[in-house]
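Residue numbering for the sequence shown follows this note's numbering, starting at 876 and increasing by one per position. Virtual Cβ for every residue (Gly too), placed ideally from N, Cα, C. Contents: one structure, followed by commentary.
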Amino acid sequence: MISTTITIDHPAGLHARPAAQFVKTAARFPCKISVRKVNSEKPPANAKSPLSVLTLGVNQGDAVEIIAEGEEAQAAVEALVELVKSNFGEAAPTHS
């Protein structure tokens with residue numbers, strides 16, 4: 876089992892387009908992947924299910940734990956972390 880914790884910086888959190896990208900990335904891997912909102916009572920969600928990811932209610936600034944087990948678990952976690960670090964492929968927000 877591989878797991879890591881990362882903070883979501885995207886202004887929308889894990890909602891709408893970022894959640895869809897997260898699920899699409901997770902679906903590329905054969906392993907079981909779940910995502911859990913840190914400091915929440917909610918159980919981990921299936922990272923390959925859009926509805927499950929949305930129901931976590933992850934907002935900007937929230938930390939999430941990504942957990943993967945099975946074939947290609949390490950690569951899956953790395954790909955999801957890279958997606959989050961890249962701000963889901965968007966330019967970083969500029970502060971004026």
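Taking G964 as the reference, give the member of I877, S878 and A894 with the closest Cα. Nearest of I877, S878 and A894 to G964, Cα basis: A894.
According to the neighbour-count rule (16 or more other Cβ atoms, all chains shown, within 10 Å of its Cβ), is T900 buried or exposed? buried
Alpha carbons only, please: which of I908, A887, P919 and A891 is nearest the one belonging to V956? I908
What do you reckon, are the CB atoms on V933 and I877 nearer than 8 Å? no
Counting only runs that start and end within the segment 876-954, where is the beta strand (DSSP E) found for 3 or more residues in a row? Uninterrupted beta strand (DSSP E) stretches at least 3 residues long and entirely within the segment 876-954 occur at 877-882, 907-912 and 938-944, given in chain order.
As a quick exercise: from A891, A943, R892 and P886, pick the residue whose alpha carbon is nearest that of T879. Residue nearest to T879 within the set A891, A943, R892 and P886 is A943 (criterion: CA-CA distance).
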